[in-house]
Every structure is written in C-alpha cells, then in structure tokens.
Amino acid sequence: ATAAVRNGAHLNNPGPYTIELMIDKSVFGDDFQISFDGGSISSEGMTDFDTVGAVTVPAEKTYEGIDNDGNYDDWDAVSKSDVSGTNHNGVESISEVAAVWDGDSLHIYIRDGQNANASQAGVYSNGKFAITSDLGYETDIQLTYDGRVEGIDGVIVSYVGDQWEITIPASELPNYTNSLNFGYYRGETLIPDIMNVQGNDKTSSFNGVEYNSDYRDWTDYPHGSIGYTPDPDAKAALYQDGNTLYGHVVTNNEASLRDAGGEFTQAVTICFNSTDPSSDAFTQGSETYSWRVVAVDADGNINWNPASSNLAQGGTYEYYLMDLGAWGTSSNINDLNEADTCYGRMSMTIGVNGKDEMEFALDLAELARKFNCDVNELRVANAQFARIGNQWITTAGTSTAPVMGLAICGASVLIGFFFFTKKKNGI
1 ATAAVRNGAH LNNPGPYTIE LMIDKSVFGD DFQISFDGGS ISSEGMTDFD TVGAVTVPAE
61 KTYEGIDNDG NYDDWDAVSK SDVSGTNHNG VESISEVAAV WDGDSLHIYI RDGQNANASQ
121 AGVYSNGKFA ITSDLGYETD IQLTYDGRVE GIDGVIVSYV GDQWEITIPA SELPNYTNSL
181 NFGYYRGETL IPDIMNVQGN DKTSSFNGVE YNSDYRDWTD YPHGSIGYTP DPDAKAALYQ
241 DGNTLYGHVV TNNEASLRDA GGEFTQAVTI CFNSTDPSSD AFTQGSETYS WRVVAVDADG
301 NINWNPASSN LAQGGTYEYY LMDLGAWGTS SNINDLNEAD TCYGRMSMTI GVNGKDEMEF
361 ALDLAELARK FNCDVNELRV ANAQFARIGN QWITTAGTST APVMGLAICG ASVLIGFFFF
421 TKKKNGI
C-alpha cells in the first residue's frame with residue numbers, strides 16, 4: 001500500500017487534512033468498509049474504474065463568479081500573481097494574490113507564506129494593505145493574525161489553512177473612474193488595473209471646479225497622497241482653469257486634525273515652473289509664493305492676525321490670501337496699497353465627518369505681476385503643505401519626487417480673481 005497525506009492547517013489556523021491511499025484490491029473481500037475520523041465509505045459506494053472505462057480529465061475551469069465560502073475552487077479560473085518575498089522582518093508573509101471585481105464586490109485572494117501569515121506582511125509588517133483608485137483615493141484594510149479584516153464595514157472573510165478570501169462591498173471602495181489597484185499600504189502595488197468584470201458603467205462627473213466652499217466638485221478629479229509616514233491619510237490636488245489655480249486638500253490624519261486649520265494656513269508653498277521644487281522653492285529669485293491668511297468682514301475691513309488654527313470643530317472659515325512679505329498696513333480689502341496685494345481666497349471646514357478639508361483659488365495674473373513675468377509663463381504649478389507632508393503636488397493630483405514636466409498652459413477663457421470674488425459675494 002502507498003499513502004499521501006496533506007495537512008492543510010497553517011501555523012495555528014485549521015485547514016483540511018487529506019489522506020490518499022492506494023491498496024491492492026486483493027487485500028479485501030467483496031464487501032468492505034473504510035472508516036477514518038468518524039466518516040466511512042463502503043465498497044458499494046466506490047467507483048470501479050475497471051467497469052467505467054477511461055477517466056475523463058476535467059476541462060480547464062472557466063470563471064463563474066466568486067462565492068466566499070472557504071472553498072477556493074472558484075479561484076482556479078482566476079489568474080494569480082506570485083508575490084513571494086519577504087517583509088521587513090525577513091519573513092515571507094504572502095506568496096500569491098489575486099483579485100476579482102464583479103461590480104457588487106471586490107474579491108481578494110491571498111495565500112500565506114510558508115512560515116508566516118499575511119497579518120505580518122507589508123511595509124510595516126503589520127498586515128496593512130491599500131485599495132487605491134485611478135483617482136488616487138484610498139481604502140485601507142488590516143489583516144489580523146486570527147483571520148479578521150479590520151478598517152471597513154460589511155467585509156466577509158474566509159481564512160482556511162493558508163488561504164484568505166476577502167469580499168469587500170462596492171460601497172466601501174474608494175471613488176474611481178475606471179480601475180482599482182491592490183497592494184501594500186504605503187508600499188508596492190501587487191495587483192494593478194483591476195477592472196470591473198461586468199463592465200464599467202461609471203462616468204466621471206468632473207466638470208471643472210468652482211470656488212464655493214463646497215468640495216464635491218473635486219470628487220472625480222485625480223488626487224495625490226501626502227503626509228509623513230507611517231500614516232499620511234491626506235490627499236491633495238491642483239487644477240488650473242484659465243488664469244485661476246485651484247487647490248484642494250483633505251486629511252483625516254490625527255496630527256493634522258489637532259492643528260484644526262493650522263495645517264492649511266501655515267507653511268504652504270506654491271512653486272512655478274520647476275522640475276525639482278524641493279530645491280528650487282527655496283532658491284533666491286525662484287517663482288515661489290507662500291501665503292499669509294487674513295480675515296475680511298462684511299464691510300471689507302481686514303484682520304491681519306485672525307485665528308487660523310485650533311479652530312472650533314464643525315465650522316467653515318474663509319480667508320483672503322496675501323503674501324508672507326505683505327506690509328499689513330492696508331485696512332480695507334477694497335483699498336490695498338501696493339505691498340498688500342491679495343492673491344486669492346481659501347476656505348476650510350474643520351472636523352466634519354472626521355476630517356479637515358479646504359480649497360483655494362489663486363489669481364495667476366496677480367502672481368505673474370509679483371514675479372514680473374507674463375501670466376502665460378506660469379506653466380507648471382507645484383504645491384507643498386509642509387505641516388501635512390513634504391511631498392509636492394502638481395496638476396492632476398500627481399505627487400512629485402521630483403516633478404515631471406507637465407504643462408498646464410492656461411485655457412483661452414479667463415477666470416480671474418475679480419470674477420470669483422464677485423461671484424462669492426453674490427454681486
């Protein structure tokens with residue numbers, strides 16, 4: 001007799017235990033029974049291949065959907081990626097991954113490494129993974145050693161032996177246009193360009209940006225990640241329309257939330273026409289702007305030193321954007337001296353839905369006068385929000401390190417500061 005045994009258990013996680021035996025038929029009589037671990041089968045229930053003829057080899061499996069039930073046969077029709085490698089502790093934590101997005105849910109398959117499980121994988125060896133969209137938005141999940149997934153609602157998890165099956169409802173996925181990516185949190189992308197197998201019926205709703213303290217028009221515009229590791233949790237984007245440069249930042253990072261506005265009003269730098277703003281922004285003579293925020297009342301009177309951090313939760317606050325080098329001697333926004341030029345406006349909402357959020361609009365024509373150049377020469381804009389992160393953001397939400405040469409030449413329609421100032425006041 002010969003036997004083969006497979007123990008599907010992995011570390012402390014149970015799995016199927018399989019024994020395959022081959023015993024010469026002559027050992028048995030005509031009627032017999034084989035029993036193991038409480039189960040049994042009689043000779044009458046066994047197939048006699050001498051009488052049934054040749055055995056038919058099953059055809060290659062076709063995809064018929066994923067059923068999260070701890071039986072991984074339905075994944076046989078899905079291509080898997082070999083991601084064997086080591087985490088930061090030198091332990092191979094995962095060996096294979098796969099994903100299927102069927103419109104209703106994103107299904108993720110993970111096979112553990114030989115001597116560890118996926119809860120030890122990732123940049124920080126903590127089992128944290130990220131689902132990112134083609135717009136730069138992100139949903140994070142954390143796998144635990146005992147087979148749970150934390151960080152989102154409605155997730156279904158099966159963890160048998162060394163295999164994970166994770167089903168995430170569409171309502172928990174980040175906003176996207178066409179595709180999703182799956183990978184390590186703040187690390188390598190393991191499965192890029194995951195498309196909906198049912199076809200993508202989503203159309204982008206992005207139709208430009210209006211400065212109005214309502215941030216929803218940024219939803220379908222690409223954003224980049226900013227923040228200090230290991231837990232940035234902030235997104236930012238720049239968008240130019242004619243002679244107006246718009247920006248948007250949203251963060252739920254705890255350190256930023258404690259700033260309660262200071263992360264948006266302090267240490268902000270805008271740099272133009274640079275391929276390396278991390279260096280150029282602090283070079284004398286560079287085309288760089290850092291704002292000083294001031295408050296303006298209904299009569300146009302300027303408060304040069306308004307509260308701009310540690311602000312009350314739930315409020316929306318608006319500021320006019322001057323220059324850090326402004327003299328601060330003008331008393332009314334409608335009667336500014338030459339040294340107190342106003343370059344735009346910024347509004348921010350503090351502590352709503354667990355996040356701080358802001359948008360701004362800058363008049364490029366005024367900035368061109370500051371730099372003594374033509375407005376059409378301000379082709380590439382980059383922004384850094386140093387209290388949130390040291391990354392630089394350029395248009396289309398790209399995080400730059402360094403910035404690539406992406407032109408954002410102005411459109412023929414002029415949308416300057418005078419326009420949005422009057423619109424804001426309802427004039």
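Per my numbering, the sequence shown runs over residues 1 to 427. Virtual Cβ for every residue (Gly too), placed ideally from N, Cα, C.
The region 87 to 131 contains, as complete beta strand (DSSP E) runs of 3+ residues, the segments 94 to 101, 105 to 112 (chain order). DSSP, reduced to helix, strand and coil, places V83 outside both helices and strands of the structure shown, so it counts as coil. If you check the CB distance, A386 and T269 come in under 9 Å. The beta carbon of A170 sits closer than 8 Å to the beta carbons of G103, D104, S105, L106 from its chain, once the five residues preceding and following it are set aside; these are given in chain order. Burial check for F272: the Cβ neighbour count within 10 Å reaches 16 or more, so the residue is buried. For Q163, the beta-bridge partners assigned by DSSP are R111, V160. Membership of A236 in the beta strand (DSSP E) is indicated by the continuous run 234 to 241. Residue pairing of G224 in beta bridges, as defined by DSSP: A236. Y184 is classed as buried because its beta carbon has at least 16 other beta carbons within 10 Å across all chains shown. In the three-state reduction of the DSSP assignment, P174 falls in the coil class, being assigned neither a helical nor a strand state. Here DSSP, grouped into helix, strand and coil, assigns E263 to helix. In this structure, the alpha-carbon of F36 lies about 10 Å from that of I19. Excluding residues up to 5 positions away in sequence, I302, N303, W304, P306, Y319, Y320, M322 lie with their Cβ nearer than 7 Å to the Cβ of V294 in the same chain. For V197, the closest of Y63, F28, S42 by C-alpha to C-alpha distance is Y63. In the three-state reduction of the DSSP assignment, A381 falls in the strand class, which pools E and B. D140 and H248 have their alpha carbons spaced roughly 21 Å apart. Secondary structure of N376 (DSSP, three-state): helix. Taken in chain order, the complete beta strand (DSSP E) segments of 3 residues or longer contained in the region 272 to 337 are 288 to 296, 316 to 323.
Counted as a single uninterrupted DSSP element, the alpha helix (DSSP H) harbouring L367 occupies residues 364 to 371. Setting aside the 5 residues that flank it on each side, S331 is surrounded in the same chain by N301, I302, each with a C-beta closer than 7 Å to its C-beta; the list follows chain order. Rounded to whole angstroms, A4 and Y17 show a C-alpha spacing of 11 Å.
Distance between G261 and P277, taken at the CA atoms: about 24 Å. Q391 counts as buried, since no fewer than 16 other beta carbons sit within 10 angstroms of its beta carbon. Ranked by how close their Cα comes to the Cα of G122, the residues N87, G151, G113 have N87 in first place. A direct Cα-to-Cα measurement between S347 and G127 gives close to 37 Å. Here the alpha carbons of L378 and A368 stand approximately 7 Å from one another. Within 10 angstroms of the beta-carbon of S274 lie 16 or more other beta-carbons, which makes it buried. Take D76, set aside five residues on each side of it, and the residues of its chain with a beta-carbon closer than 7 Å to its own are K61, in chain order. The secondary-structure analysis by DSSP pairs I141 across a beta bridge with F129.
In summary, M358 is buried, with 16 or more beta-carbon neighbours lying within 10 Å of its beta-carbon over all protein chains present. For P192, the enclosing beta strand (DSSP E) starts and ends at 189 to 194. If you look at N181, you'll find it in the beta strand (DSSP E) that goes 180 to 184. With respect to the C-alpha of Q266, the residue from A255, N243, S279, S290 having the closest C-alpha is S290. Judged by beta-carbon spacing, F129 lies beyond the 9 Å limit of F206, meaning their Cβ atoms are not closer than that value.
Selection D69, E138, P192, V157 evaluated against E172 yields E138 as nearest (Cα-Cα). Just measuring C-alpha positions, the residue of S133, V91, I168 sitting nearest N175 is S133.
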